[in-house]
Amino acid sequence: MFWRVVIAEVRKNIKQFFFSTRTVFWTLMLPLGNGLYLYFLYLPFATRSVNLEMNGSWFNLDLVGFTLIGQLLYTFYTMMLLSGASFEREREQGTLEAVLLSPASRPAVILGGALASAFNYVWFLLGIMVSWVAFVGVKIVVTDFLALFASIALSYLSLVTVGMCFESLFVYSRRGGMYATMLQEPIMFFSGLVFPLQAMPVALLSISYLIPLTFGLMSLRLTLLGGASLLDVAVPLIALIGMAWLFLAVAILLINQAERKAKVNATLTQF
Amino acid sequence: MREAMRLAEKRVKAEVRLGNVNFAVETRQLRRDYVSTKRTHLMGKKNTTIIRALDCIDFEIREGELFGLLGPNGAGKTTTVKILCTLLEPTAGHAFVKGYDVVKDAAQVRKMVNMVAGGERMLYYRLTGRENLGYFAELYNVPKKEVTSRVNALLELVGLSDRADDEVEKYSKGMKQRLQVCRGLINDPQVLFLDEPTLGLDVNIAKDLRKFIREKIVGEQGKTVLLTTHYMYEAEELCDRVGFLHKGKLVAVGSPEELKRKAHKGFSVEVLVTRLTDEALEGLRKLRAVKNVLATAYEGEADGEKVDRLIVNVDSDATAPEVLSYLSNVGCRVSSVNIRGPTLEDLFMLYTGE
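Put into structure tokens, the structure is as follows:
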């Protein structure tokens, strides 16, 4: 029953997203331009590099690649936020009521929503990466493909659970969009999106370590640009696993609370 | 009041314990308040207003019965339906569907019920009719082997087979409503809630839908249906029993015939009249043959004069001429007369005093 609902939810969202052939075309074409724009935005820093320390080893990374990966993963995070916003649309069109009227598992519904968003936008991210590698030649240094795969998979997984939390937030409150937007700038700052965490004041670092994006960026940058091995990125990967579980638990707790609160306050249909 | 609530809860618990809760739907002292908080200005004090949408209502619906909940907008009909299908929690009191408490056993209740609301919501417009039904079939865990046949059968039932693979955004209002009915039947619910299902539909489509509800859903499939409407003729045509909901209170429950018997044994003389004065109306009320004057409603103008509608309840149709001659004697001009038994609308006005 659980996975039936997840699959149904994924299929529904994908069908709604790719509702015409034109949507499919632009989903594949737009990121090429977007990727080039981001590359040229950071090109002035092309002569500089960043040194990152991990497990006592130092890695020298190209600054443009460093910031581009930051942008890439941040875009993915934003897309997860948008998966939450889709619940706002469901509330407006009354389908949220129709879904909650059914006995379907609520965690399955939000997991399906988050997975569908991840699928819908993965083409966007791939397009951006293709444009970097094919057109402007961003230097990729991969020595351990298992480490790269683990970094991508765990970053993806942890951000999907963050997406589930956002979805619960949007069911919980009609102000979900406002809260999610308020979080955007601090997330950009604390995750080390455009600067290495070493530059962050030590007192603020503890906040950075509460954000899965931080660990996703660490492992992806090191495995994709610095040739780091699985052992080198073991710490951020373990942190990503822990965070995925944590956010999953929060999402399940939050969706149950959200439904209860909406039923008490009659906010399922108000928008 | 608190003592009455406590006793009602105690009685319900005892009945549940004894297994006496055998109605398809049952409410006991059901109450729902909406709390609205507003600030006078940005930094101002919060003003909290409590609106009582349902005020301790009690009613039962029998198995296989079509029960109508009638009342004007804001009477509490939708609130009742939402509580019964677990989309809203009551502030106090209890509600049971098939003996299951809608709050404590919500998961169980959801498997047995479904709801269709009026209007064009609760559907995914970018999906086709078939995809919509397929999606909801998965949510209700309809056996995989049955999904296709059930979806096809439902589409056939409401006459949407030929448009099943079109996106819902291309459907007319009536088609969307028919698809909503399919969605409501996708889990083969034992209890179906229809919340103003004919709202905004044109006359012929509404008539077809009413026929479908009466003949197919209740007649052939034997489902228990709670229908809410503010169209009195709709309830009169469809319902086995009705309840009048007025400002959150259930003011009368019974079959239309039973309510008519209880409220009034005579006939109604419906008169369209001009030059009606307050004095004439007062005099009319004092006539021996007149039991009561149910309403005076402005009906427009004729030859530049205001036309009023009077519904005068009399003991027998033989006394109608007395009413007419009185109106004529006091200078009123009668343009139309209709003698009939009371309608649900008359009864509603009688019970609610409006």
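First to last, the protein sequences are chains A and B.
Going letter by letter, the first sequence gives residues 57 to 327 in this note's numbering.
Going letter by letter, the second sequence gives residues 680 to 1033 in this note's numbering.
Positions of the beta carbon are idealized from the N, C-alpha and C atoms, including for glycine.
Any non-hydrogen atom of the ligand FAD closer than 6 Å to residue i Cβ
i: Q72 (chain A); result: In the structure shown, the ligand FAD is absent, as is every other ligand, since no ligand is present at all.
Inter-residue Cα distance where the pair is residue i and residue j
i: L310 (chain A); j: G248 (chain A); result: 27 Å
i: V882 (chain B); j: S211 (chain A); result: 57 Å
i: M680 (chain B); j: V932 (chain B); result: With a pLDDT of only 47 at M680 (chain B), under the threshold of 50, the placement of this residue in the model should not be trusted; the figure read from the coordinates follows. When rounded, the distance between both Cα atoms is 22 Å.
i: F327 (chain A); j: A318 (chain A); result: Any reading at F327 (chain A) needs caution, since the residue's pLDDT is 48, under 50, leaving its predicted position unreliable; the model's value is listed next. Computed Cα separation, rounded: 12 Å.
i: E825 (chain B); j: S934 (chain B); result: 38 Å
i: G813 (chain B); j: I865 (chain B); result: 9 Å
i: G979 (chain B); j: D987 (chain B); result: 8 Å
i: R893 (chain B); j: E148 (chain A); result: 31 Å
i: F1027 (chain B); j: D994 (chain B); result: 19 Å
i: A141 (chain A); j: L273 (chain A); result: 24 Å
i: S1004 (chain B); j: K941 (chain B); result: 29 Å
i: A174 (chain A); j: L278 (chain A); result: 23 Å
i: F746 (chain B); j: F815 (chain B); result: 26 Å
i: K928 (chain B); j: I736 (chain B); result: 6 Å
i: G863 (chain B); j: E739 (chain B); result: 22 Å
i: E984 (chain B); j: V1013 (chain B); result: 12 Å
i: L802 (chain B); j: I762 (chain B); result: 21 Å
i: R718 (chain B); j: P751 (chain B); result: 30 Å
i: F201 (chain A); j: N811 (chain B); result: 42 Å
i: V930 (chain B); j: Y1030 (chain B); result: 7 Å
i: E144 (chain A); j: G283 (chain A); result: 42 Å
i: V178 (chain A); j: T727 (chain B); result: 47 Å
i: K197 (chain A); j: V782 (chain B); result: One point to set straight first is that residue 197 (chain A) is Val, not Lys, in the sequence displayed. Cα to Cα, V197 (chain A) sits roughly 58 Å from V782 (chain B).
Best match in the options for proximity to residue i [C-alpha to C-alpha]
i: L128 (chain A); options: A:P87, A:G233, A:Q72 and A:S105; result: A:P87
i: L1006 (chain B); options: B:G979, B:K965 and B:Y850; result: B:K965
i: G1010 (chain B); options: B:G898, B:L924, B:E958 and B:Q900; result: B:E958
i: G755 (chain B); options: B:V847, B:V972, B:L733 and B:G743; result: B:L733
i: T237 (chain A); options: A:F115, A:L278 and A:M135; result: A:M135
i: L92 (chain A); options: A:M185, A:G126, A:V80 and A:F271; result: A:M185
i: Q859 (chain B); options: B:E799, B:L745, B:L963 and B:V1013; result: B:E799
i: N1017 (chain B); options: B:F815, B:F946, B:Y850 and B:M854; result: B:F946
i: N992 (chain B); options: B:V969, B:K852 and B:N793; result: B:V969
i: A307 (chain A); options: A:G150, A:R145 and A:S224; result: A:S224
i: Q900 (chain B); options: B:V870, B:R842 and B:A785; result: B:V870
i: V194 (chain A); options: A:V120, A:T270 and A:F101; result: A:V120
i: R60 (chain A); options: B:Q708, B:T757, B:K823 and B:V760; result: B:K823
i: A997 (chain B); options: B:N1008, B:R1019 and B:A981; result: B:R1019
i: S105 (chain A); options: A:V250, A:L266 and A:V189; result: A:V250
i: K926 (chain B); options: B:R707, B:M722 and B:T758; result: B:T758
i: E1001 (chain B); options: B:A981, B:D982 and B:G962; result: B:G962
i: I208 (chain A); options: A:L182, A:F191, A:F101 and A:I263; result: A:L182
i: E744 (chain B); options: B:T956, B:G898, B:F775 and B:L880; result: B:G898
i: Y95 (chain A); options: A:A172, A:W188, A:L152 and A:R78; result: A:W188
Expected contact under 8 Å - CB spacing of residue i and residue j to nearest Å
i: D118 (chain A); j: L281 (chain A); result: 6 Å
i: M911 (chain B); j: L748 (chain B); result: That belief does not hold up - the Cβ atoms of M911 (chain B) and L748 (chain B) are roughly 12 Å apart, past 8 Å.
i: L286 (chain A); j: A206 (chain A); result: 7 Å
i: F246 (chain A); j: P268 (chain A); result: Actually they are not in contact, since the Cβ atoms of F246 (chain A) and P268 (chain A) sit about 11 Å apart, beyond 8 Å.
i: A914 (chain B); j: L839 (chain B); result: 26 Å between Cβ atoms; not a contact.
i: V704 (chain B); j: T903 (chain B); result: 7 Å
i: K939 (chain B); j: P1021 (chain B); result: 5 Å
i: A290 (chain A); j: F271 (chain A); result: No, A290 (chain A) and F271 (chain A) are not in contact; Cβ-Cβ is about 11 Å, not under 8 Å.
i: L124 (chain A); j: Y98 (chain A); result: 6 Å
i: Q708 (chain B); j: G772 (chain B); result: 4 Å
i: R741 (chain B); j: F775 (chain B); result: Not confirmed; about 13 Å, so no contact.
i: L880 (chain B); j: G853 (chain B); result: 6 Å
i: R231 (chain A); j: T323 (chain A); result: With a Cβ gap of about 10 Å, R231 (chain A) and T323 (chain A) do not count as contacting.
Cβ of residue i within 7 Å of any chain E Cβ
i: M57 (chain A); result: Reference to chain E is not applicable here, since the protein chains of this structure are A and B.
**Request:** Compile a chain-ordered list of the residues in the stretch 241-256 of chain A whose CB is closer than 9 Å to at least one CB of chain B.
**Result:** none
**Request:** Could you tell me whether the stretch 800-812 of chain B touches the stretch 767-778 of chain B, where touching means 3 or more Cβ pairs closer than 8 Å?
**Result:** With a cut-off of 8 Å, the stretch 767-778 of chain B and the stretch 800-812 of chain B do not count as touching, because too few Cβ pairs lie within range.
**Given 8 Å, three or more beta-carbon pairs between the stretch 948-963 of chain B and the stretch 988-1000 of chain B** = yes
**Contact list for the stretch 155-187 of chain A against chain B, Cβ threshold 7 Å** = V155, L156, L157, S158, P159 and A160
**Prompt:** Mind listing which residues of the stretch 133-156 of chain A have their C-beta closer than 8 Å to chain B's C-betas, in chain order?
**Reply:** Q149, G150, T151, E153, A154, V155 and L156
**Message:** For the structure I just gave you, are there three or more beta carbon pairs, one from the stretch 163-170 of chain A and one from the stretch 213-221 of chain A, closer than 8 Å?
**Reply:** yes
**Asked** Counting Cβ pairs, one atom from each stretch, are 3 or more of them under 8 Å apart for the stretch 66-75 of chain A and the stretch 152-159 of chain A?
**Response** Output reads no: the stretch 152-159 of chain A does not touch the stretch 66-75 of chain A.
**Prompt:** For the stretch 59-86 of chain A, which residues have a CB atom closer than 7 Å to at least one CB atom of chain B, in sequence order?
**Reply:** R60, V61, A64, K68, K71, Q72 and F75
**Selection of the stretch 767-783 of chain B by Cβ proximity to chain A, strictly under 8 Å** = Of all residues in the stretch 767-783 of chain B, those with a C-beta nearer than 8 Å to a C-beta of chain A are L767 and E768, reading in chain order.
**Item:** Meets three-Cβ-pair contact criterion under 8 Å: the stretch 825-834 of chain B and the stretch 895-912 of chain B
**Value:** no
**Request:** Kindly confirm or deny that the stretch 872-890 of chain B and the stretch 707-714 of chain B touch, where touching means at least three C-beta pairs closer than 8 Å.
**Result:** no
**Request:** For the stretch 310-323 of chain A, enumerate the residues whose C-beta is nearer than 9 Å to any C-beta of chain B, in chain order.
**Result:** Along the stretch 310-323 of chain A, the positions whose C-beta sits under 9 Å from a C-beta of chain B are R316, A318, K319, V320, N321 and A322, read in chain order.
**Asked** Along the stretch 706-734 of chain B, what residues have a CB closer than 7 Å to any CB found in chain A?
**Response** Y713
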